[in-house]
Amino acid sequence: DAKTTQPPSMDCAEGRAANLPCNHSTISGNEYVYWYRQIHSQGPQYIIHGLKNNETNEMASLIITEDRKSSTLILPHATLRDTAVYYCIVLQGAQKLVFGQGTRLTINP
Amino acid sequence: GAVVSQHPSWVICKSGTSVKIECRSLDFQATTMFWYRQFPKQSLMLMATSNEGSKATYEQGVEKDKFLINHASLTLSTLTVTSAHPEDSSFYICSAKGGTTDTQYFGPGTRLTVL
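From first to last, the protein sequence lines are chains A and B.
When the count follows our numbering, it moves up by one through the first sequence with no breaks and lands on 109 for the last residue.
When the count follows our numbering, it moves up by one through the second sequence with no breaks and lands on 1115 for the last residue.
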């Protein structure tokens, strides 16, 4: 079973920052937080992952709370192409990726 | 980097025939590959995990004799759906990981329709 809780859907205006929350209150000390997204009829795309420090790459920023029980994925300037289902997954080492229902993010013009 | 391809991107076949789907890691050596299935409006479900040169490990409820997986090299895994039936129609997606990272990179998926 998925170990994370995400809102089923969110809307964001084009050009604004999209902040996607994820709760993972049972995360263990050696589990990473991974984010993937799936655009309609495509395979999932890796976005970012982190353990306890905040992370940033060319796609997004990941903010993890100090107690590691929740995190937020930030898309700084959302575009229409960012419309997708976003999955937050906790994973340790050789564990399997377990996909929940994710958050359906819609970017509006 | 970290590109995974799948072939074909879509396939239509008759009931009772077999279909082979290829998954390739293009710019890295994939020590482990995974096969997922996704039905409409549902999330991805892991079918099996394969390590190069070893037999695949199937998830509970997935028939290993129906979904044959071969991971003969560090860049190629194949999934063969044998004696396909309409209920096997789905979106099949592979992923791969290798080297020093645990990050899985996904292929674009293969849409299988069985008539």
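The C-beta atom is built at its ideal place from N, Cα and C for all residues, glycine as well.
Please read all numbers here as calculations on a predicted model, not as lab measurements.
Please compile the residues from chain B whose C-beta is within a distance smaller than 9 Å of the C-beta of residue i.
i, result
"leucine 97/A", "Phe1034, Tyr1036, Leu1044, Leu1046, Ser1095, Gln1104"
"histidine 49/A", "Asp1102, Thr1103"
List the residues of chain B that residue i touches, going by C-beta distances under 8 Å, in chain order.
i, result
"glycine 102/A", "Ser1043"
"leucine 91/A", "Asp1102"
The beta strand (DSSP E) with residue i in it runs from where to where?
i, result
"lysine 1097/B", "1090-1097"
"serine 1009/B", "Looking at the DSSP string, serine 1009/B is not in any beta strand (DSSP E), and its letter there is neither H nor E."
"valine 90/A", "84-91"
"threonine 103/A", "103-108"
"serine 1050/B", "1045-1051"
"glutamate 1025/B", "A small correction: the amino acid at residue 1025/B is serine; glutamate does not occupy that position in the sequence shown. Per DSSP, serine 1025/B belongs to the beta strand (DSSP E) from 1019-1025."
"arginine 1037/B", "1032-1038"
Give the DSSP-derived three-state secondary structure of residue i in the structure shown.
i, result
"arginine 16/A", "coil"
"aspartate 67/A", "coil"
"proline 21/A", "strand"
"leucine 75/A", "strand"
"leucine 1112/B", "strand"
"leucine 1076/B", "strand"
"glutamate 58/A", "coil"
"leucine 51/A", "coil"
In chain A, which residues lie less than 8 Å from residue i when you measure between Cβ atoms?
i, result
"threonine 1080/B", "Those do not exist, as threonine 1080/B stays about 19 Å from chain A at its closest Cβ, beyond 8 Å."
"glycine 1107/B", "Gly43"
"threonine 1049/B", "Lys96"
Establish whether the CB of residue i and some CB of chain B are separated by less than 9 Å.
i, result
"tyrosine 34/A", "yes"
"tyrosine 86/A", "no"
"glutamine 6/A", "no"
State yes or no: is the beta carbon of residue i nearer than 9 Å to at least one beta carbon in chain A?
i, result
"alanine 1056/B", "no"
"arginine 1111/B", "yes"
"alanine 1002/B", "yes"
"glutamine 1060/B", "no"
"glutamine 1006/B", "yes"
"phenylalanine 1039/B", "no"
"phenylalanine 1091/B", "yes"
So which residues of chain B does residue i contact, with C-beta pairs closer than 7 Å?
i, result
"proline 21/A", "None at all; the shortest Cβ gap to chain B is about 18 Å."
Going by beta carbon distance, what residues of the same chain come within less than 6 Å of residue i, once the five residues before and after it are set aside?
i, result
"threonine 106/A", "Asp11, Thr83"
"threonine 5/A", "Asn23"
"glutamine 45/A", "Arg37"
"isoleucine 39/A", "Ala84"
Taking 8 Å as the cut-off, is the C-beta of residue i nearer than that to any heavy atom in the ligand NAD?
i, result
"isoleucine 63/A", "Looking for the ligand NAD in the displayed structure turns up nothing, as the structure carries no ligands at all."
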